[in-house]
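Structure first, commentary second.
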Amino acid sequence: MLKAYLGIDVGSISTKGVLIDENREVIRSSYLRTLGRPIEAIKKLVAELFNENKNIEIKGVGTTGSARRLAGVIVGADVIKNEIITHAVAASHFYPEARTIIEIGGQDSKIILLKDGVPIDFAMNTVCAAGTGSFLEHQATRLGIPIEEFGTYALKATSGATIAGRCTVFAESDMIHKAQLGISVEEIIRGLCDAIVRNYLSTVAKGKPIEPLVLFQGGVAANIGVKAAFERALRMQVIVPRYFLVMGAIGAAFLAQDYVQKNLSTKFVGPALLDINFQTKTFECHDCANFCEVVETYKNSQIIDRYGDRCGKWSEINP
Amino acid sequence: MKVAFPYLGYDTIALKKFVEMLGAEVCLGSPLTARTLSLGAKYSPELICLPFKITLGSFVEALEAGADTLLMAAGARKCRFGYYHYLQEDILKKISNHHQFYAISQYTPYEFFFKKIPKIFGVSPRRVIYATWLLLHHSALIDYYRKLIRLARAIDFTSAQKKESEALRIIENVSNLSAIRKAKNKLKELFQPLFKFKKRIIKIGLVGEIYLMLEPFANHDIEKELGKMGVVVIGRRSLYRHLKHLLHIDTSELKIIIDAYKYLKDSPGGEAIKTVGEAHGFCKTGIDGIIHIYPFTCMPENIAYEALEKMAHDYAIPLLSISIDEHTSKTGLLTRLEAFVELIKRKNL
């Protein structure tokens, strides 16, 4: 029986799962679309892992990503950690000398600064999500180019068209305008990649010192056009790690391993998870004018989690 | 006469007492809620800062509750706050015509004590001076309570929160100076049993725009959330300090400006120079991290941000900058706070 640790990263666009062994080697990783149904995505992910690896004993589970809380409640996670920490933990394992992590996901982007493998500072996009994965995907669909090939188009161009990167809607009208002028798709895509990098450097990384080694992680790192644009703007090499897509999940698995080694037991539900019916319900609390939206999670019609209220009177009575 | 003024966190209690001392009734409307903010945003120019929207919304709710006299602080030199009252007066005139709106300048103490306040409330200047003197001591008591609850939350969050309502009752029930002194001792007794030091507690310095720092509704209860994570918040901004600054009896003020000098040589308006000075003070005396909160589109704090970024780099102190407007989601804010605290914990390991 192979002992393994599971890391699950449920993001806005995709759900990632990773199995690591005792020596922190990745046994298996999977990536699937969340499609707005995180519970189903998590179940599917776990089912896939069990079907293909019958000889595995899960010793611990960690969850991360924007649905980390929900995922944690459902699978019985030992650690529930946010994306910043998991990305930093995974990055410093593979590249101990890394100083900067650029992470661009489906709907958020962040910069993490490391020193001696420890995160010392970070920033996340606050008021704007321009230049993240969902926008790129939208543009790829609009231009009829598969998202996987989007980056290669940018590399074909020798110069880029100027695209406004601040707001996605204006960026799109700029792209349409440039196309109507007769500029080639390749040049427009390269311009778009430059605009994304410009927006990232001025709104997310503003003022933070970017020092080598620079790692580029998250879904958008698959886009070699954006990677090249970063290299041009920063004038330094940017490394895309082998497991760039699932770095968050890997970090969560590492943290689960650390936790279980200290506490010796796991809360993981196991394959039984697949037969449990999970449901979430929301209601608006009308006890004051805040009208908080309270989210409840049910496990076989039994309530297991409740959150979302400002005053805490609903989440207080969690079983 | 039913008097309303904007909510100001815990300090609302002291301001209420001040108005009552002047012989008027206080009518603030319901506590700040999402409705207050949406009312404020509805009547405000879109890109104005968050404190404007919240204070305007609370005036609208106060008018609904029957207030007839609205008091708003005025005068901020180079910051937008300087024209809050002009705009609010104008907007509120269109909503109701059964009220009087008074802008009270912060920088003209003579007018405050001898002309404006005596005229509005129909009392003698002596009464105003006495009430202000009491306000100063009352807000000092609240400042003291703030320190206690910040530490108590970091040590034992649930017990601290349970004591909050009793503590607020103690603070509310004072009417003269000796009562304030007694209340201070009572608060100390109330929280003393909680202060058992077990481990090293993370200290985070909170700097930024004064309204967002003082009003928990505006900052999404940032202090409570940090307390829940076992962090003690250190923040120097309060009504007490602000009053001392206005009355020119605060000696620490000069120190803050000197501290700021290395990173910000002249005040760009608002409270930016204090933000920078306080943060530098924290850096020099030792702090685990700095959180900077300010309203989205706030000009002075955006300038302060640049200075803070440089300072954080020089002292190798983590800095989290949070700009807040009415669209800010609490979930997003919590993710950032959580990550920030986790980062500090790992750094200290």
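First to last, the sequence lines map onto chains P and L. One point on numbering: in this note's numbering, the residue at position 72 of the first sequence is 75, and numbering is uninterrupted. One point on numbering: in this note's numbering, the residue at position 179 of the second sequence is 175, and numbering is uninterrupted. Virtual Cβ for every residue (Gly too), placed ideally from N, Cα, C.
For P/Asp12 and P/Ala259, the rounded distance between their alpha carbons: 13 Å
Among L/Pro114, L/Ala156, L/Tyr82 and L/Lys280, which one has its Cα closest to the Cα of L/Glu219? When only C-alpha atoms are compared, the closest one is L/Ala156.
Are the stretch 30 to 39 of chain L and the stretch 47 to 63 of chain L in contact at 8 Å, needing three or more beta carbon pairs? yes
Please go through the same chain and pick out, in chain order, the residues whose beta-carbon is closer than 8 Å to the beta-carbon of L/Lys184, but skip the five residues on each side of it. Leu144
What are the residues in the stretch 112 to 123 of chain P lying within 7 Å of chain L by C-beta distance? Val121, Pro122 and Ile123
Inter-residue spacing [alpha-carbon to alpha-carbon] between L/Leu208 and L/Ser92: 28 Å
Can you find a CB in chain L that lies within less than 8 Å of the CB of P/Cys288? no
Cβ-Cβ distance between L/Leu137 and L/Ile176 below 8 Å: yes
Can P/Phe271 and P/Val64 be called in contact, C-beta distance under 8 Å? A contact, by the Cβ cut-off of 8 Å.
With a threshold of 8 Å between beta-carbons, can P/Ala93 be considered close to chain L, or not? no
Flag this pair as yes or no: are the beta carbons of P/Gly210 and L/Glu168 separated by less than 8 Å? no
Given that a residue counts as buried once 16 or more other Cβ atoms are within 10 Å of its Cβ, and exposed if not, what is P/Asn266? If you draw a 10 Å sphere on the C-beta of P/Asn266, you find fewer than 16 other C-beta atoms in it, and that means exposed.
Can at least three beta-carbon pairs, one atom from the stretch 97 to 108 of chain P and one from the stretch 210 to 223 of chain P, be found at a separation below 8 Å? Result yes; three or more Cβ-Cβ pairs closer than 8 Å.
Smallest Cα separation from P/Ile394: which of P/Glu51, P/Ala91 and P/Cys170? Given that chain P is displayed from residue 4 to residue 322, the structure contains no residue 394 of chain P and the question cannot be resolved.
Cutoff 8 Å; reference P/Val207; Cβ partners in own chain excluding five residues on either side: Ser112, Lys113, Ile114, Ala126, Met127 and Asn128
Within the same chain, show all residues whose beta-carbon is closer than 6 Å to that of P/Ala157, passing over the 5 residues directly before and after it, in chain order. Ile192, Arg193, Cys196 and Gly228
Closest Cβ-Cβ distance between P/Ile104 and chain L: below 8 Å? Output row for P/Ile104: interface = no.
Closest residue to L/His134 among L/Leu83, L/Ile254, L/Leu164 and L/Glu267 (Cα-Cα distance): L/Leu164
For the alpha helix (DSSP H) that L/Tyr103 lies in, which residues bound it at each end? L/Tyr103 -> no alpha helix (DSSP H), and no H or E assigned at all.
Considering only the alpha carbon of each residue, which of L/Ala148, L/Gly201 and L/Tyr140 lies closest to L/Lys178? L/Tyr140
Output yes if chain P places a C-beta closer than 8 Å to the C-beta of L/Glu251; else output no. Here residue 251 of chain L turns out to be Lys, not Glu, going by the sequence shown. With 8 Å as the cut-off, L/Lys251 does not count as an interface residue toward chain P.
Could you spell out the range, first to last residue, of the beta strand (DSSP E) harbouring P/Phe219? Counting along the chain, the beta strand (DSSP E) containing P/Phe219 begins and ends at Val217 to Gln220.
Determine whether the Cβ of L/Thr29 lies closer than 8 Å to any Cβ atom of chain P. yes
Please report how far the alpha carbon of L/Leu315 lies from the alpha carbon of L/Ile286, in whole angstroms. 5 Å
I'd like the span of the alpha helix (DSSP H) that includes P/Gly315, first residue to last. That residue, P/Gly315, is in no alpha helix (DSSP H); it is neither H nor E in DSSP.
For my contact list, P/Asn226 and P/Leu146 are in at a C-beta cut-off of 8 Å; report their separation, rounded to the angstrom. No, P/Asn226 and P/Leu146 are not in contact; Cβ-Cβ is about 14 Å, not under 8 Å.
Proximity of L/Ala69 and L/Gln102 at Cβ, strictly below 8 Å: yes
Check whether chain P comes within 8 Å of L/Pro314, counting only Cβ atoms and requiring the distance to be less than that. yes
According to DSSP, is P/Lys84 part of a helix, a strand, or is it coil? coil
Complete runs of the alpha helix (DSSP H) confined to the stretch 146 to 218 of chain P [at least 4 residues]: Inside the stretch 146 to 218 of chain P, DSSP marks whole alpha helix (DSSP H) runs of 4 or more residues at positions 153 to 159, 171 to 183 and 188 to 202, from first to last along the chain.
DSSP state of L/Ser34, grouped into three classes? helix
Among all the DSSP beta bridges, which residues are the ones paired with P/Leu35? P/Thr18
If distances are taken between C-alpha atoms only, which option among P/Glu190, P/Ala7, P/Arg71 and P/Val249 comes closest to P/Phe97? Taking P/Phe97 as reference, the option from P/Glu190, P/Ala7, P/Arg71 and P/Val249 with the minimal CA-CA separation is P/Val249.
Between the alpha carbons of P/Ala50 and P/Glu86, how many angstroms are there, rounded? 24 Å
Nearest to L/Ser190 by alpha carbon, out of L/Glu162, L/Phe213, L/Arg149 and L/Pro121? In the sequence under discussion, the amino acid at residue 190 of chain L is Leu, which differs from the Ser named in the question. Of L/Glu162, L/Phe213, L/Arg149 and L/Pro121, the residue nearest in Cα terms is L/Arg149.
Identify every residue that forms a DSSP beta bridge with P/Glu60. P/Lys6
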